[in-house]
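Colleague: Provided herewith is a single structure, encoded as structure tokens, for subsequent inquiry.
In this note's numbering, the protein residues as written are 2 to 125.
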């Protein structure tokens, strides 16, 4: 599971009002090289919840991103930042672990890079 995916997921358990961001408990993280696509990065940048993204990347041991979200124009001129953003967003993969609901503590497993967000009957 990439951090791009993590940034889009939330807990949808019945009654949960604060299901984002899910806390990551990573057991196995791998880096997979992906060709950089500047147009994609520019289009996805405004959709990223920055604090959750930075916290997630630090949970995985990657501390190269700034605390505050830079201006989108940075993607045009700062190739070093673009590379760091690309790496954290698309090249860090959580292969095994869990995602934890911030409100209930419910754990959603990640197996072979796929998060299982299915709810139990009593949670819908």
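Cβ coordinates follow ideal geometry from the N, Cα and C atoms, glycine included.
(1) Taking the Cβ atom as the reference point for each residue, do residue 58 and residue 23 lie within a distance shorter than 8 angstroms?
(2) Residue 84 to residue 101, Cα distance in whole Å?
(3) Just the Cα atoms here: how many angstroms apart are residue 65 and residue 112?
(4) For a test of the three-state rule: what should DSSP assign to residue 37, helix, strand or coil?
(5) Can you tell me whether residue 9 is buried or exposed, with buried defined as 16 or more other CB within 10 angstroms of its CB?
(6) Since residue 101 sits in a beta bridge, which residues does DSSP pair it with?
(7) State the start and end residues of the unbroken alpha helix (DSSP H) segment that holds residue 81.
(8) Please go through the same chain and pick out, in chain order, the residues whose beta-carbon is closer than 7 angstroms to the beta-carbon of residue 71, but skip the five residues on each side of it.
(9) Could you compute how far the alpha carbon of residue 42 sits from the alpha carbon of residue 35?
(10) In the DSSP assignment, find the unbroken alpha helix (DSSP H) run with residue 58 in it and report its ends.
Modeller: On the basis of the supplied data:
(1) no
(2) 29 angstroms
(3) 27 angstroms
(4) coil
(5) exposed
(6) 24 and 108
(7) Start and end: 80–87.
(8) 82
(9) 12 angstroms
(10) 51–60
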